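*Asks:* Quick one: structure below, then a few questions.
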Amino acid sequence: MKEITRIHLAKTAFSIEIEAKSSLEKYLNSIQKNMHAEPEAMREIEARMVEILAERGVMKEGVISVDDVLAIQKQMGESRDFADGDGPVDDDLDSDGSESKPEKQLMRDTDNAIIGGVCAGVAAYFNINPLWVRLIAIVSSFATFGTAVLIYVVMWLSMPPASTASDKLRMRGKPVTLAALKKAAVEGGSVIANESRDLASKILRYSAGIIIFLMTLGVVIGLIVGGAVGLSVIDLLSGLNAQIWAWGLWISLVICGISAAVLGMMLSRSVFTWTMSRVSALSMIIATVVISMGMASSIVFGMKASSEFIYESQYLTKRMNVEIPDADNVKTISINGAMGSVKRTDSDKLKIEAEYIELPNMKKPDVNVRREGDRLIVSIAEKCPRTIFFSGCQMFYTPIGLKIYAPAGVNVDSPAYYGADNVDHSDA
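The UniProt record's numbering numbers the first residue of the sequence shown as 1 and each following residue consecutively.
As structure tokens, this is what we get:
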């Protein structure tokens, strides 16, 4: 049985065979000597070794064998390839030239991140400019009514960050060899120069934060005003089955508004501070899900409330005959007051009918007729409640409708006049 001892690579403890430890230490010392590597660079190299061991099934506290050390040397390259010299360093150089280009791995590029590094990571994966990905993300957040924000947060939580030099190499599909790690160390731990954080980048960030904040403020104002208007509308529906569904619609919209305000505040804070904790990310996911569910329930409650009101208003619609004092030689009929429609039918006898909805909050209207010369003036007085925001007759209930039966020579003067809907010369 081979002797076993302990070793730490990138602060990760392993058991290791004595012979393997001797070989590995010699390899590390050779790398440090030839590369003149700083401690940070050596930590990156050790971290890559830990990853290679994990790929071979040697996890933390596992036993490293001589074969494992040989596999590390073969995959990362021989240290003599990186002795200081005048020639250029080849990124793809390894011990025997057999290193194949690895598959890319989708990771968050935290070096070039504006918020969480998701867009920069996607750009690195597809080898495109991060600006285009960010523009698409911004436009999508408005075009999809916030769904893109949920997708972004989910990707933020699911994509690992490219925290080591080897992560950054794999993110771009580059071989993780000593040559590449050396270049990464020279360039400050990144394969390519970090995206410059110039004035334009800051303007874009703060502009996005201000826009999100203003949108959030608009949501809060709309929530307050819309909530008050909604309560007034619900009160007007007293006595109808539609009121129950209207309450459901109001509650759903309020929940949506509160969730949207919370989402907007957290998102604007993250943009301004350039940070986002996992708690904030999870909260935004929950808020987005609540908004989606609230919108769906709002559609259901709204359609049901509308259909119930239409159905109930049909059988609650009443008609009454309007008393006319003197109908002889009338040339014009003028209508004063709010009404939904005025329809005229040709008839040998002058007659006026009024339509109204009989509800607990809407009483039978007063329709008075007086004569001035050859003109009949029809005055309509509302008998329905008024709220702070509007009249129930004008803005919600079906307004008064008039049907006028009159001889062909009588004109109707009203903004709501539709004209003759049929011709009927018999008595109405």
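Where a beta carbon is used, it is the ideal one built from N, C-alpha and C, also for glycine. Bear in mind the structure is a predicted one, so any value in this text is a computation, not a measurement.
Give, in chain order, every unbroken run of the beta strand (DSSP E) that is at least 3 residues long and sits entirely within the stretch 277-356.
*Replies:* The qualifying runs are 317-322, 332-336, 341-346.
*Asks:* For the candidate residues I31, G57, V63, F213, whose alpha-carbon lies nearest to that of M76?
*Replies:* Among I31, G57, V63, F213, the Cα nearest to that of M76 is on I31.
*Asks:* By alpha-carbon positions, which one of S341, Y125, L214 ends up nearest to residue 450?
*Replies:* Nothing can be reported for residue 450, as the shown portion of the chain is limited to 1 through 428.
*Asks:* Tell me which same chain residues have a C-beta within less than 8 angstroms of the C-beta of E66, skipping the five on either side of it?
*Replies:* The displayed chain sequence assigns Val, not Glu, to residue 66. E17, E19, A20, S23, listed in sequence order.
*Asks:* State the start and end residues of the unbroken beta strand (DSSP E) segment that holds L53.
*Replies:* Run containing L53: none in the beta strand (DSSP E); it sits in the alpha helix (DSSP H), 39-55.
*Asks:* Under 9 angstroms between the Cβ atoms of N228 and L237?
*Replies:* Looking at the sequence shown, residue 228 is not Asn but Ala. No, the pair does not count as a contact, with Cβ atoms beyond the cut-off.
*Asks:* What does E372 pair with, by DSSP beta-bridge criteria?
*Replies:* E372 is bridged to R375.
*Asks:* Just curious, the beta strand (DSSP E) that D109 is in, first and last residue?
*Replies:* Note, D109: premise wrong, no beta strand (DSSP E); not H, not E.
*Asks:* What's the call for W250, buried or exposed, on a 16-neighbour Cβ count within 10 Å?
*Replies:* Burial call: buried.
*Asks:* Report the rounded CA-to-CA distance for L359 versus L316, giving the unit in angstroms.
*Replies:* Straight-line Cα distance between these residues: approximately 7 angstroms.
*Asks:* For the pair the stretch 210-223 and the stretch 257-272, tell me if three or more CB-CB distances fall below 8 angstroms.
*Replies:* Yes, since at least three Cβ pairs between the stretch 210-223 and the stretch 257-272 fall closer than 8 angstroms, the two stretches touch.
*Asks:* Could you spell out where the beta strand (DSSP E) holding R6 opens and where it closes?
*Replies:* From DSSP, the beta strand (DSSP E) with R6 extends over 4-9.
*Asks:* Pop quiz: T216 and S268 are said to be a contact at Cβ under 8 angstroms. What is the actual Cβ separation, rounded to whole angstroms?
*Replies:* So it is a contact: roughly 6 angstroms between Cβ atoms.
*Asks:* Using beta carbons (cut-off 9 angstroms, strictly below), is P365 in contact with chain B?
*Replies:* The chain labelled as chain B is not found in the depicted structure, where only one protein chain is given.
*Asks:* Which stretch, first to last residue, makes up the beta strand (DSSP E) that contains T147?
*Replies:* Here T147 belongs to no beta strand (DSSP E); instead the alpha helix (DSSP H) covers 147-158.
*Asks:* Compare the Cα-Cα distances from F309 to each of N241, G230, I299 and report the closest residue.
*Replies:* The option with the nearest alpha carbon to F309 is N241.
*Asks:* Give the list of continuous alpha helix (DSSP H) stretches no shorter than 4 residues that lie fully inside the stretch 239-273.
*Replies:* Taking only runs of at least 4 residues, the alpha helix (DSSP H) segments lying wholly in the stretch 239-273 are 242-273.
*Asks:* Would you list the one or two residues that DSSP bridges to P415?
*Replies:* None; P415 has no bridge partner.
*Asks:* Let me check understanding here. Comparing Cα to Cα, which of G248, M320, V254 lies closest to P365?
*Replies:* Minimum Cα distance to P365 is reached at M320.
*Asks:* Going by beta carbon distance, what residues of the same chain come within less than 6 angstroms of A137, once the five residues before and after it are set aside?
*Replies:* The answer, listed in chain order, is C119.
*Asks:* In terms of residue numbering, what span does the beta strand (DSSP E) encompassing K74 cover?
*Replies:* Per DSSP, K74 belongs to no beta strand (DSSP E); it is in the alpha helix (DSSP H), 66-76.
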